Structure formats: C-alpha cells, structure tokens
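S.K.: Counting the sequence shown from 1 gives a position; our numbering is that position plus 210. All C-beta atoms in this analysis are idealised placements derived from N, C-alpha and C, irrespective of residue type, glycine included. Keep in mind that this is a model prediction, so the values were computed, not measured.
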Amino acid sequence: MLVKLLILALLIGIVVALVFGGVFLVKDPSTSRRTVKALSWRVGLQVALILFLILAFFMGWLKPHEVGGH
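1. Using 10 angstroms around the beta-carbon of Gly231, count the other beta-carbons present and answer buried if the total reaches 16, otherwise exposed.
2. Can you look up Trp251 in the DSSP assignment and give me helix, strand or coil?
3. Measuring alpha carbon to alpha carbon, tell me which of Leu216, Val213 and Leu235 ends up nearest Lys247.
4. Name the two residues that bound the continuous alpha helix (DSSP H) containing Val277.
5. Verify whether the separation of the beta carbon atoms of Leu261 and Leu220 is less than 8 Å.
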C-alpha cells in the first residue's frame, strides 16, 4: 500500500509541476527562470518515478499481472 501511495504522490507532483510550468510560461516576463525551474522539477520527478518503479519491480514490491489470466 505504501508503494502505491508513493507512486501516486510522485504522479501528483509531476502534474502539479507541469501546471505550474504552464502558468509561469504564460504569466511571467521572459526574463523569469521560474518556468525552467518548474519543468526541471517535473523531469526530476519523472526520473525518480521511473527509477522507483524499476526498484519496486526488482524488489518484488510490484508484480505485473498476466494478460489473459493464464
């Protein structure tokens, strides 16, 4: 259950960073670096999510289901 909550938190963080990046892109002046920071956070969170999913799979915390149920 804790693994699923961490995955959900990372996904929510990715979406929030993407929204902030879009808002900063539209509202801020061109000299502002907030858009770059927000989108950098998004990329960092995505990398963390992928690495965590790989770790969770190899540690046995996540198990893929079989297609077709065989």
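M.R.: This is what the structure gives:
1. As a first step, residue 231 must be located in the sequence shown, where it is residue number 21. That one is buried.
2. Counted from its first residue, the sequence shown places residue 251 at position 41. In the structure shown, Trp251 sits in a helix (DSSP, three-state: H, G or I).
3. In the sequence shown, residue 247 corresponds to position 37, counting from 1. Ranking the options by Cα distance to Lys247, first place goes to Leu235.
4. Looking up residue 277 in the sequence shown gives position 67. Looking at the DSSP string, Val277 is not in any alpha helix (DSSP H), and its letter there is neither H nor E.
5. Working through the sequence shown from its first residue, we reach residue 261 at position 51. Working through the sequence shown from its first residue, we reach residue 220 at position 10. No. Outside cutoff.
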